[in-house]
Amino acid sequence: MQWDIVIGLEIHVQLATRTKIFSGSSTAYGAEPNTQANAVDLAMPGTLPVPNEQAFRYAVMFGLAVNAEIERRSVFERKNYFYPDLPKGYQTTQLERPIVGPGYVDIDLANGETKRVRIHHAHLEEDAGKSLHEDFHGMTGIDLNRAGTPLIEVVTEPDMNNADEAVACARKLHGIVTSLGICDGDMSQGSMRFDVNISLKPKGSDVLGTRTETKNLNSFRFMEQAIAHEVERQMDILEDGGTIIQETRLYNGDRNESRSMRTKEEANDYRYFPCPDLLPVVIDDAFIDEARNSLPELPDARKARFMEQYGLNDYDASLLASDSKLATFFEAAAERGKDAKLASNWVQGEFSARLNAEEKSVADSPITGAQLGDLVVRIADNTISSAGAKKVFEALWTGENDNVDAIIDAKGLKQVSDTGELEKMVDEVLASMPDQVAQYQQESDPKKQKKMLGGFMGPLMKASKGQGNPKLFNEILVKKLGG
Amino acid sequence: MHNKSVAELSRELESGKISSVELIRDYLGRLKTEDEQLNSFITITEEQALADAHAADEQRAAGKATPWTGVPFAHKDIFCTNGVATTCGSKMLANFVPPYDATVTANFRKAGAVCLGKTNMDEFAMGSSTESSYFGATTNPWGLSRGEKRVPGGSSGGSAAAVAARLVPAATATDTGGSIRQPAALCGVTGLKPTYGRVSRYGMVAFASSLDQGGTMARTAEDNALMLNVMAGFDPKDSTSIDREVPDYTATLDEPLKGLRIGLPKEYFTGSLSAAMEEQVRSAIREYEKLGATVKEVSLPHANLAIAAYYVIAPAEASANLSRFDGARYGYRCEDPKDLLDMYTRTRAEGFGDEVKRRILVGTYALSAGYFDAYYLKAQKVRRLIQQDFINAFKEVDVLMSPTTPSPAFVQGEKTSDPVTMYLEDVFTIAINLAGIPAMSVPAGFVDGLPVGLQIIGDYFSEARLLNAAHQFQQVTDWHQREPQ
Amino acid sequence: MTISREDIEKVAVLARIRVEEEQVSALEKDLGNILDLVDQLGAADTESVEPMAHPLNAVQRLRPDEVTETNQREAFQAIAPATENGLYLVPRVIE
Numbered sequence: 001m002q003w004d005i006v007i008g009l010e011i012h013v014q015l016a017t018r019t020k021i022f023s024g025s026s027t028a029y030g031a032e033p034n035t036q037a038n039a040v041d042l043a044m045p046g047t048l049p050v051p052n053e054q055a056f057r058y059a060v061m062f063g064l065a066v067n068a069e070i071e072r073r074s075v076f077e078r079k080n081y082f083y084p085d086l087p088k089g090y091q092t093t094q095l096e097r098p099i100v101g102p103g104y105v106d107i108d109l110a111n112g113e114t115k116r117v118r119i120h121h122a123h124l125e126e127d128a129g130k131s132l133h134e135d136f137h138g139m140t141g142i143d144l145n146r147a148g149t150p151l152i153e154v155v156t157e158p159d160m161n162n163a164d165e166a167v168a169c170a171r172k173l174h175g176i177v178t179s180l181g182i183c184d185g186d187m188s189q190g191s192m193r194f195d196v197n198i199s200l201k202p203k204g205s206d207v208l209g210t211r212t213e214t215k216n217l218n219s220f221r222f223m224e225q226a227i228a229h230e231v232e233r234q235m236d237i238l239e240d241g242g243t244i245i246q247e248t249r250l251y252n253g254d255r256n257e258s259r260s261m262r263t264k265e266e267a268n269d270y271r272y273f274p275c276p277d278l279l280p281v282v283i284d285d286a287f288i289d290e291a292r293n294s295l296p297e298l299p300d301a302r303k304a305r306f307m308e309q310y311g312l313n314d315y316d317a318s319l320l321a322s323d324s325k326l327a328t329f330f331e332a333a334a335e336r337g338k339d340a341k342l343a344s345n346w347v348q349g350e351f352s353a354r355l356n357a358e359e360k361s362v363a364d365s366p367i368t369g370a371q372l373g374d375l376v377v378r379i380a381d382n383t384i385s386s387a388g389a390k391k392v393f394e395a396l397w398t399g400e401n402d403n404v405d406a407i408i409d410a411k412g413l414k415q416v417s418d419t420g421e422l423e424k425m426v427d428e429v430l431a432s433m434p435d436q437v438a439q440y441q442q443e444s445d446p447k448k449q450k451k452m453l454g455g456f457m458g459p460l461m462k463a464s465k466g467q468g469n470p471k472l473f474n475e476i477l478v479k480k481l482g483g
Numbered sequence: 001m002h003n004k005s006v007a008e009l010s011r012e013l014e015s016g017k018i019s020s021v022e023l024i025r026d027y028l029g030r031l032k033t034e035d036e037q038l039n040s041f042i043t044i045t046e047e048q049a050l051a052d053a054h055a056a057d058e059q060r061a062a063g064k065a066t067p068w069t070g071v072p073f074a075h076k077d078i079f080c081t082n083g084v085a086t087t088c089g090s091k092m093l094a095n096f097v098p099p100y101d102a103t104v105t106a107n108f109r110k111a112g113a114v115c116l117g118k119t120n121m122d123e124f125a126m127g128s129s130t131e132s133s134y135f136g137a138t139t140n141p142w143g144l145s146r147g148e149k150r151v152p153g154g155s156s157g158g159s160a161a162a163v164a165a166r167l168v169p170a171a172t173a174t175d176t177g178g179s180i181r182q183p184a185a186l187c188g189v190t191g192l193k194p195t196y197g198r199v200s201r202y203g204m205v206a207f208a209s210s211l212d213q214g215g216t217m218a219r220t221a222e223d224n225a226l227m228l229n230v231m232a233g234f235d236p237k238d239s240t241s242i243d244r245e246v247p248d249y250t251a252t253l254d255e256p257l258k259g260l261r262i263g264l265p266k267e268y269f270t271g272s273l274s275a276a277m278e279e280q281v282r283s284a285i286r287e288y289e290k291l292g293a294t295v296k297e298v299s300l301p302h303a304n305l306a307i308a309a310y311y312v313i314a315p316a317e318a319s320a321n322l323s324r325f326d327g328a329r330y331g332y333r334c335e336d337p338k339d340l341l342d343m344y345t346r347t348r349a350e351g352f353g354d355e356v357k358r359r360i361l362v363g364t365y366a367l368s369a370g371y372f373d374a375y376y377l378k379a380q381k382v383r384r385l386i387q388q389d390f391i392n393a394f395k396e397v398d399v400l401m402s403p404t405t406p407s408p409a410f411v412q413g414e415k416t417s418d419p420v421t422m423y424l425e426d427v428f429t430i431a432i433n434l435a436g437i438p439a440m441s442v443p444a445g446f447v448d449g450l451p452v453g454l455q456i457i458g459d460y461f462s463e464a465r466l467l468n469a470a471h472q473f474q475q476v477t478d479w480h481q482r483e484p485q
Numbered sequence: 001m002t003i004s005r006e007d008i009e010k011v012a013v014l015a016r017i018r019v020e021e022e023q024v025s026a027l028e029k030d031l032g033n034i035l036d037l038v039d040q041l042g043a044a045d046t047e048s049v050e051p052m053a054h055p056l057n058a059v060q061r062l063r064p065d066e067v068t069e070t071n072q073r074e075a076f077q078a079i080a081p082a083t084e085n086g087l088y089l090v091p092r093v094i095e
C-alpha cells in the first residue's frame, strides 16, 4: 500500500530574556541548582506572578517574522497537572487567546522548490524545572532554576509530508528565532525543543490517520532519523492491519529507537481556565510598531541579499541565510576572502562537517569567519593547494596557530608557481620516463591521453616535494608533450 | 486601657502618658490568660512584640512616629510573616515559617505597628465559623457568660473574637465571600472588605484569587480607616492590585450624611432573615434617616444566584491555588511515601481538612472536561449579571444597606454536619465579592443578647464614603462600644 | 445533580487526594448537595452575556526585564521536607 505522510511540528522556544516570565529571577544557564528559584518560582504560598514585558516583545517580534496576526488582548490560562518540576501544580500558559495568531513560513527544499508551512499559533508560557533521576537514595532531585523561563510554543499546521520538509521547516524557524535574537537556538541545552506529530494515511485519502507525538529531538539529524523511524514503525503496524495508538513517544537518538512515554496513558484532563492572578494583556499599535522597527534582517531577506551581493545560487544562499550565526560567519569569511563562492563552499563543506562531527554550534567554533577568509584568500591566489588548505584548516581548528600565513610557512605548504622552476622539473621527469612519453604521443584518443597525464603527476609532485602547483604542472605537461 | 481604640492609644503614646513597651506588656499579659477560653490566636509572638515595642519607643523618641508606631494589633494567620509561622489554619502549613513578608505585613512593619501574633481562622479561609481550623475552634466571647459556646463566624473568626474581647484593638482579616463582615457582625465589631485590588494580595495565602481581598477589623470605623491607610495601595508584586491614588481615609470621617441616598435591596430583606434581626437593621436605618439620609427600595434581581455562582468560581480557583501544597518544597509531607503519587495523595489527604478537600474536589469537578461550560463558564456569566445589578443600583443610590447575616452567632457544631447550611451564612455577603465592590459590617444592635451587623455596601473605591457613613452612625450609637462579659 | 462514585474517584485522582473507600458515600452526599445548590445557575438566562473573569476592567501591567531577585536557596531550603546538594528531593515516579 502507498501512504501519505503527514507531519506537524510543535516547537518550544526559550526566550533569551534576562529574567523569568513571571518573576525577576535570572534565567542564566548553568547556575547551581535552585539558586535562581525565588519565592514566586517555588510557588511559595501567597506569591503572585507579574509578567515580563520583554517576553511579550519577543513573542510579538516572532509573530511579525512569521507573518502572523498579533492578538491585541491575550489571556493566560492555567493548565492543571501535578509534577515535581511544576511547583504551582499548574502551568501558566495561553490557550484561547494566544499572543501570536495564524501565520506562515516559506521553506526552501533541496529540489529548489519553495513550500509554505502554515503556523497555527504561538503562545507564551512558562518552562518547567528539571528532574534529576540520578540516585539520591532512590529519590529524585528537583532543580527549579529553569522553572518560569519564558517559552513560546509554536504550533504548525500538519503541512509537511516528509522528513526533509520537516527539517527544512525546523531549520527555518531556528533561523528566524536566532536572527531575531529572541533565542540562542542551542538545541543541545534545550533552548529550542522540537516535537514532531506524525500520522500516515492511504495515498490520496482526505482522512487523517491517528498521530503520535515524538519528543526529545535535540538535533536536526536526530529529528530526521526519528521521523524516518516513526514513519517506518507506523507503516509496519498499519500494513499488519494494526492500529496506531495516539501517544507521546520518546526518541533515543543514540540507539535510533523510541518508546511510549507512558505505559498506561493517563486520562489527561488539564482543566484549563483563565488565570485569575493575571489580567488580559493588551498590545497596542505602538508596541507592535516598536517591535516591527526593531526587527533585524530575517533569513528570507538575507537569502535574497546573498544571491544579489555575493552571486550565490538559490540553494547555497538559502542554506547560509537560514542560520544567523552561520550567515554572519559566512559574511566575515566572504568579506575577507573576496571569493564568496569559495567561502560558501568552505563554510558549507569543511567547516559545517567539522561542527557536525564534534556536535558543536557555530558559536562554539574555534575559528572565526575572518580566519577562514584568510584561508580562502590563499586558496584563491594559488598559494596553497586544496590539500594544503585542509592542513591549514586543521591547524586553525586545533588552535595550533591562529595565523593562516604563519601556518603555511611553518608547514611549508606554499606551492611553487614559478613557471621556470616548474618547467625544469617537468623536463627532468619527462627525460626519465621516455617510454611513457612515447606511449602518450602515439595515443590518438584525447580522453586516454588525459588519463595518462596522471602518470606524470606523481613523480612531479615528488620532485617538487608536494609544493608544485598541480594546475601549472598540468599546463606545462600538455605543452611539452606536444598536445 | 483595653477598651481604648487605636486612635486613642496612638494619642496616649504620642502624649508620652505610656510607652509602647508598657502597653505591649500589658496587652500580652492579658492575651495570654484571656485567650485560653477563646482560642483566637494560633501564635503569640511575645518576644518579637516586645522587641518591636522597644524599637517603636525609640522611633517615637526620634520624632519619627506614625499613628501606628507602638500600637498593638494582630494578623490573621493567612498573611505571611517573615520568621513567624504562617499556618492558614491548616495542618498542611502547621510547620511553615515563611522567609518573606506579605505586602500587608511589610506595610504594618513600616508603620511601626506591633504585631502580637497570628489569629485563628477556618482552614485556608474556607468556612464561616472558624471551626475548621487545625488548631481548634475559636469561641465567640458573646454568650460565654451564659455558658454558651458560640461561633465567632469565619473565616476571620480569630481576628473578630480577639478584637471583640479587647485582646487587640485591631486585626487584619480577609474576605472571599464574607469572611470579614460575617465574623465582624457575629462578634459585634466593625469590619471592612475593600474594593478588589485596593489591598495587595501578595503574601496572603490564596483561596480564590479573583475574590480574595485583605481588609480591616476593629471596634470603630475610625480605626478601620487608620488600618486601611496602612494597607491600601498599589503593589507592583500583585498584578491585580490597582494603581490608583489612596486618600487619607480618616480625613472624610466627619463629613455630614445629609442627602446620602441609601438603597435597601429588597432581596436582602426576605427569606431566612428573622423578624428580630430585621427590626434591628431597620432601626439602624432609621438612625441614618435622622442623620439626613434618604432611603429607597432597590432590586438586585440576580442576588439569589450569588451563592450558586460563588460555589463554582471559588472552589474552581481554589482547586488550582491549593495544588502547590504537594509536600515537595515546604509544609507537610506524609510519612514514608512509597512513590511520588503516594506522596501527593497522602500528603494532601492528611494535610487538608474535610471542607478544604470538599472544595478542591468540587472545583476540580467543575473544571473537568464536559462540565466546564455548564459550571465554570455559566458561573462567570452569572457573575457579570450580579455585577450589573450593583452597577445599576448605584446609578440610583450612594450606598446599599442590609443585614450582614440572616441570624446571630450560632452554637458551635450546629452547622458542621451539612456544608450547604454553612454556606447559606454568607447569603447577604457573597454577591459583593463576586462584584468586587467594598462593603462593611457595623454593629447595629442585639438579638437575644447577641450582636447584629448592618452591612453597608458601596460602589467601587468608595471606602472613604463607607467609613464616613459608619463613623457617623457610631457617633450617635454605642453598639460598637458594648463589651462582652 | 448527583455525582457518581466513579466521578468522585476520578476527581480525587485529578486532585491528588487519596479518598478511602469508606469516605466515598459521605462525599457523594456532600458533593451532591453542593452541586444541587450550584444547579440553580441553570435557571439564569445568560444568552449573550460575556463571562466575567475579573471584578475590575483593568489590563495587565508588564514588568521591565530586570533581575530583582538574589539567591535565597538557603532560606527556602531550610523549610523544605528533604533536600540534598541544593536539590529538592521527592520520591521516584513509579510507572
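Sequences listed follow chains A, B and C, in order.
Okay, so the first sequence: first residue is 1 according to the UniProt record's numbering, each after it adds one.
Okay, so the second sequence: first residue is 1 according to the UniProt record's numbering, each after it adds one.
Okay, so the third sequence: first residue is 1 according to the UniProt record's numbering, each after it adds one.
Glycine residues also receive a C-beta, built at the ideal position from the N, C-alpha and C atoms.
Computed from a prediction, not measured in an experiment: that's the story for all the values here.
Outcome for residue i when other beta-carbon atoms lying within 10 angstroms are tallied against a minimum of 16
| i | result |
| --- | --- |
| ALA309 (chain B) | buried |
| MET1 (chain A) | exposed |
| LEU35 (chain C) | buried |
| SER294 (chain A) | exposed |
| SER48 (chain C) | exposed |
| GLN77 (chain C) | buried |
| ASN161 (chain A) | exposed |
First and last residue of the uninterrupted beta strand (DSSP E) at residue i
| i | result |
| --- | --- |
| SER260 (chain A) | 257-260 |
| TRP397 (chain A) | That residue, TRP397 (chain A), is in no beta strand (DSSP E); its alpha helix (DSSP H) goes 386-398. |
Collapsed DSSP secondary structure at residue i in the structure displayed
| i | result |
| --- | --- |
| PHE220 (chain A) | helix |
| THR263 (chain A) | For THR263 (chain A), the pLDDT reaches just 46, beneath the cut-off of 50, and the residue's location in the model is therefore unreliable, leaving the point undetermined. |
| ASN197 (chain A) | strand |
| ASN107 (chain B) | helix |
| ASP269 (chain A) | coil |
| GLU335 (chain B) | coil |
| GLU247 (chain A) | coil |
| VAL117 (chain A) | strand |
Residue range of the alpha helix (DSSP H) that includes residue i
| i | result |
| --- | --- |
| ALA74 (chain B) | No alpha helix (DSSP H) contains ALA74 (chain B), which is instead part of the beta strand (DSSP E) from 72-76. |
| ILE152 (chain A) | Looking at the DSSP string, ILE152 (chain A) is not in any alpha helix (DSSP H); the run it does join, the beta strand (DSSP E), is 150-156. |
| GLU443 (chain A) | That residue, GLU443 (chain A), is in no alpha helix (DSSP H); it is neither H nor E in DSSP. |
| CYS169 (chain A) | 163-180 |
The ligand FMN heavy atom lying under 8 Å from the CB of residue i
| i | result |
| --- | --- |
| LEU50 (chain B) | With respect to the ligand FMN, the structure offers nothing, as it holds no ligand at all. |
Min CB distance residue i to chain C below 9 Å
| i | result |
| --- | --- |
| THR240 (chain B) | yes |
Residue i at chain A interface by Cβ criterion, 9 Å
| i | result |
| --- | --- |
| GLU84 (chain C) | yes |
| VAL205 (chain B) | yes |
| SER4 (chain C) | no |
Minimum Cβ-Cβ distance from residue i to chain B less than 9 Å
| i | result |
| --- | --- |
| ARG92 (chain C) | yes |
Name, going along the chain, the residues of the region 49-70 of chain C whose beta-carbon falls closer than 7 Å to a beta-carbon of chain B.
VAL49, GLU50, PRO51, MET52, ALA53, HIS54, PRO55, LEU56, ALA58, GLN60 and ARG61
What residues in the region 22-49 of chain A have a beta carbon less than 8 Å from any beta carbon of chain B?
ALA39, LEU42, ALA43, MET44, PRO45, GLY46, THR47, LEU48 and PRO49
For the region 66-83 of chain A, which residues have a CB atom closer than 8 Å to at least one CB atom of chain B, in sequence order?
ARG78, ASN80 and PHE82
Pull out every residue of the region 247-279 of chain A whose Cβ sits closer than 7 Å to any Cβ of chain B, in chain order.
ASP269, ARG271, PHE273, PRO276, ASP277, LEU278 and LEU279
Near-chain C residues of the region 94-105 of chain B - C-beta to any C-beta below 7 Å
PHE96, VAL97 and PRO99
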